[in-house]
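Here the structure comes first, spelled out in structure tokens, and everything after it is commentary.
2 protein chains.
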Amino acid sequence: MPGARESKDGWPTQRDVAQRAAVSTMTVTRVLRDDPRVLPATAERVRAAVAELGYRRNEIARSLRLASSTGLVGLVVTNLANPFYSRLALSVGSVVAEHGLKTVIGNTGQDLDNERSLVEDLVARRVDGIIAVPAGADQRHLAAAAAQDVPVVLASRPPVGFEADCVLVDDFGGARDATERLLAAGHRRIGFLGSPPAVYTGAERLRGYAAALEAAGVAPDDTYVRQEQQQTGEAARAAAELLALPTPPTALFCSNNRNTIGAFRAISAAGADTALAGFDDFELADALGLPLTLVAYDSDELGREAGRLLTGRMRAGSVRDETAEDTPPRRTVIPTSLVEYGVLPQGIWQVGERGEAGETDR
Amino acid sequence: MPGARESKDGWPTQRDVAQRAAVSTMTVTRVLRDDPRVLPATAERVRAAVAELGYRRNEIARSLRLASSTGLVGLVVTNLANPFYSRLALSVGSVVAEHGLKTVIGNTGQDLDNERSLVEDLVARRVDGIIAVPAGADQRHLAAAAAQDVPVVLASRPPVGFEADCVLVDDFGGARDATERLLAAGHRRIGFLGSPPAVYTGAERLRGYAAALEAAGVAPDDTYVRQEQQQTGEAARAAAELLALPTPPTALFCSNNRNTIGAFRAISAAGADTALAGFDDFELADALGLPLTLVAYDSDELGREAGRLLTGRMRAGSVRDETAEDTPPRRTVIPTSLVEYGVLPQGIWQVGERGEAGETDR
DNA sequence: CTGTTAGCGCGTTCAA
DNA sequence: TTGAACGCGCTAACAG
Chain A
2 MPGARESKDG WPTQRDVAQR AAVSTMTVTR VLRDDPRVLP ATAERVRAAV
52 AELGYRRNEI ARSLRLASST GLVGLVVTNL ANPFYSRLAL SVGSVVAEHG
102 LKTVIGNTGQ DLDNERSLVE DLVARRVDGI IAVPAGADQR HLAAAAAQDV
152 PVVLASRPPV GFEADCVLVD DFGGARDATE RLLAAGHRRI GFLGSPPAVY
202 TGAERLRGYA AALEAAGVAP DDTYVRQEQQ QTGEAARAAA ELLALPTPPT
252 ALFCSNNRNT IGAFRAISAA GADTALAGFD DFELADALGL PLTLVAYDSD
302 ELGREAGRLL TGRMRAGSVR DETAEDTPPR RTVIPTSLVE YGVLPQGIWQ
352 VGERGEAGET DR
Chain B
2 MPGARESKDG WPTQRDVAQR AAVSTMTVTR VLRDDPRVLP ATAERVRAAV
52 AELGYRRNEI ARSLRLASST GLVGLVVTNL ANPFYSRLAL SVGSVVAEHG
102 LKTVIGNTGQ DLDNERSLVE DLVARRVDGI IAVPAGADQR HLAAAAAQDV
152 PVVLASRPPV GFEADCVLVD DFGGARDATE RLLAAGHRRI GFLGSPPAVY
202 TGAERLRGYA AALEAAGVAP DDTYVRQEQQ QTGEAARAAA ELLALPTPPT
252 ALFCSNNRNT IGAFRAISAA GADTALAGFD DFELADALGL PLTLVAYDSD
302 ELGREAGRLL TGRMRAGSVR DETAEDTPPR RTVIPTSLVE YGVLPQGIWQ
352 VGERGEAGET DR
């Protein structure tokens, strides 16, 4: 004897509630919506039935009826284990939540096929919008989504091959500034460690590095440039190779936090006094016992702005039909600033100044 | 003249495809399912129509028809910015993906109301299962979900008030071991820094700490116990207070990485030589220039096991109806081990040994 | 204030 | 090998 409650698959439906309360399903709908045109007594009966049956309305059926408004936004990132992306997820979530939207997070693992199928799945699930950090330059799946009137916002990379809003970090300027700082300290042989050229931010930051060198009249030297490292281990090895050159660089600029940490380890291991600068601030950067120049920026603002751009598009798409449709794509750039960490332990009161996003409760 | 393509809201439907291919919707369904009983010629026409219209089947309608199987699992965590949780999300995702399932991540921000509404929303969206790290002891919303035959698995905390599978870390044993290590080094005044008592892991780790003290014949002293810190800043202040006592502790045990990092900062700032031990391994722990004993465990395994337990339940729930229904709840415990970090910089080749989950591509 | 009708997009059932 | 009818659970539009 199966313990089916009211309906076949165990879930009480609106009709079950209606029957129990001796009303029509429409009345149930109205009560659930707090429609004032329902007699208090009736509403009470319905509410009682809802409670007794443990009824929850089926959002699937609901959003089918309501035609494409699931109240979900899709967020596509390459690696959630990177604090940058998990914070992005949080800040995006906080903004869209203000609009009553939930976030579905997809992780591509930097794989284009994953990314494509993920985006297609989100579209098939009728998310109301997508925020993506695309892995590469092939963004046809995103273009397709945008072409189907799904608002798309790119974070940290610009759209290629189609039009969409995006939020960027000042990759070029930040890298240039940091490199200039090294030059100003007298360095002339400055190495570069970064991600593969195909990664937009890596390429931009390399440009900034090169621009600073050129402006200072320092000839670029490919011997000092390594751009295939995505993990700290790879970065440490690449840095060690540079340090082992006959004429090693006296300073290193790293285009992201993985490379900075790897370079730090290589420098420590070698006991070298190579100067170090890098893109991205990170926790404990001030505690490494090495002078360190970092390019910092408000990564939470990046996520919030992405959320704002997206909700703006969603609003536009639904309210009007002609004018707002073709608002030109917006592009926001998050500014960067340089942060210097020293050899001495920082006072504890400085702790709160940098983002304390990593609160725990474990 | 609105540029509606085929259907009113811009989305081509199965019927649009059917019309264009001059077949019925049923044939379209069959082609999409690669049903061999369709004439190759017909199938080709349909595929062409699909391509030309850019048709994607509507997963919303599909899962409505298919009655509660959305292919989605919900993951509820308290703070995604904590690496522990973002890695949990990744490892859970990797396991459920093998079963063709996607993950919906919800962040509660440690707020019970958020958690409740999040879980209810997931249930209303008919996720096929839920993995949760509940914020507190009030788990009625999870119990309700479980009662409605939504498989629920708890991670890092046990269920209270209902039955469910769960994966735990050996909180008690790990904390006891670390404290014993401090005792073995001769320490007798050992402080404790941790999260609020309401947090299960915090309470268990305090128990482990206390058990070790008792076994060593050291009388517990509440003066040395602070358990309200959730962020590094709070932890640093609490640690500083302990260090400023007339008879300060000579060692500190911290029940999680936030407290360990905070304590580290306080010790550095004070220039003290207080010994430090803590629960959770974390990146750069080896680079702090302080001796450090950490309780490490395989956090990825925790997520994978949670995923396995959940998919196991989902399978059971759908295949049979009588026997497997009441399989007793399973409880897995992830073992811990102690890791020692020293004052000297570690060689770079040691880098790869600890999890390199934080690869970046930025 | 409440109920009836109709249909969102898809897939199952049964018939042709 | 293909199609027509029906319904999943819900709600907009119109009665009454």
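So the protein sequences, as listed, match chains A and B.
Okay, so the first sequence: first residue is 2 according to our numbering, each after it adds one.
Okay, so the second sequence: first residue is 2 according to our numbering, each after it adds one.
Glycine residues also receive a C-beta, built at the ideal position from the N, C-alpha and C atoms.
All figures in this text were calculated on a predicted structure; none of them were measured in a lab.
For a Cβ distance threshold of 8 Å, nothing in chain B lies close to E229/A: the least Cβ distance comes to about 11 Å. A direct Cα-to-Cα measurement between H142/A and E121/A gives close to 7 Å. At a cut-off of 7 Å between beta carbons, R127/A contacts chain B. Classified as buried, S87/A has 16 or more neighbouring CB atoms from the shown chains inside 10 Å of its CB. For N108/A, the three-state secondary structure derived from DSSP is strand. Following the DSSP letters along the chain, one finds V161/A in no beta strand (DSSP E), marked with neither H nor E. The three-state secondary structure of T328/B, taken from DSSP, is coil.
For the set A44/A, L169/A and A138/A, the Cα lying nearest the Cα of L310/A is the one of L169/A. Among the residues facing chain A, G94/B is included, as its CB has a counterpart in that chain under 7 Å away. Residue state for R227/B is assigned as strand, using DSSP reduced to three classes. Counting only runs of at least 3 residues, the segment 76 to 153 of chain B fully encloses the following beta strand (DSSP E) elements, listed from N- to C-terminal order: 103 to 108 and 130 to 133. Contact note: D122/B reaches chain A through E60 and K103, using a C-beta cutoff of 8 Å and chain order.
Residue contact with chain A for N115/B: absent (no Cβ-Cβ distance below 7 Å to any residue of chain A). Close to chain A, meaning a Cβ-Cβ distance shorter than 8 Å, are the following residues of the segment 29 to 62 of chain B: G55, R57, R58, N59, E60, I61 and A62. Unbroken beta strand (DSSP E) runs of no fewer than 3 residues, entirely contained in the segment 166 to 225 of chain B, are found at 166 to 170 and 191 to 194, following chain order. Across the structure, A133/B and I106/A are spaced so that their CA atoms are roughly 16 Å apart.
Assigned with DSSP and collapsed to three states, V18/B falls in helix. Spanning the alpha carbons of F265/A and L277/A requires a straight line of approximately 8 Å.
For G290/A, the chain B residues whose Cβ falls inside 9 Å of its Cβ are A288, L289, G290 and P346, in order along the chain. Going by DSSP, S338/A is part of the beta strand (DSSP E) stretching over T337 to Y342. In the DSSP assignment, F280/B falls within the unbroken beta strand (DSSP E) covering A276 to F280.
Within chain B, the residues whose beta carbon sits less than 9 Å from that of T71/A are I61 and R126, listed in sequence order. Sorting A241/B, D222/B and A220/B by C-alpha distance to the C-alpha of Q230/B places A241/B at the top. Taking a cut-off of 8 Å on C-beta distances, the segment 209 to 224 of chain B touches the segment 180 to 190 of chain B, as three or more cross pairs fall below it.
For R141/B, no CB of chain A lies under 7 Å from its own CB, so it is not counted at the interface with that chain. Inter-residue distance for P221/A and Q140/A is about 32 Å (C-alpha atoms, whole angstroms). Ranking R227/B, T79/B, D35/B and I191/B by CA distance to the CA of A156/B puts T79/B first. Bounds of the beta strand (DSSP E) holding A297/B are L293 to Y298. Chain-order list of chain A residues neighbouring R331/B: empty, with the shortest C-beta distance near 22 Å, by a criterion of under 8 Å. Around the beta-carbon of P247/A, fewer than 16 other beta-carbon atoms lie within 10 Å, marking it exposed. In this chain, the beta strand (DSSP E) harbouring L253/B covers A252 to C255. Inclusion of I191/A and P249/A in the CB contact set at 7 Å is not warranted, their separation being larger than that value.
Look at the segment 144 to 169 of chain A: the residues with a C-beta under 9 Å from a C-beta of chain B are A145, A148, Q149, D150 and S157. Per the Cβ contact rule, the segment 94 to 113 of chain A is in contact with the segment 70 to 79 of chain A (3 or more Cβ pairs under 8 Å). Excluding five sequence positions before and after G174/A, the CB atoms of its chain that fall closer than 7 Å to its own CB belong to G209 and T337, given in chain order.
For E235/A, the enclosing alpha helix (DSSP H) covers residues T233 to L244.
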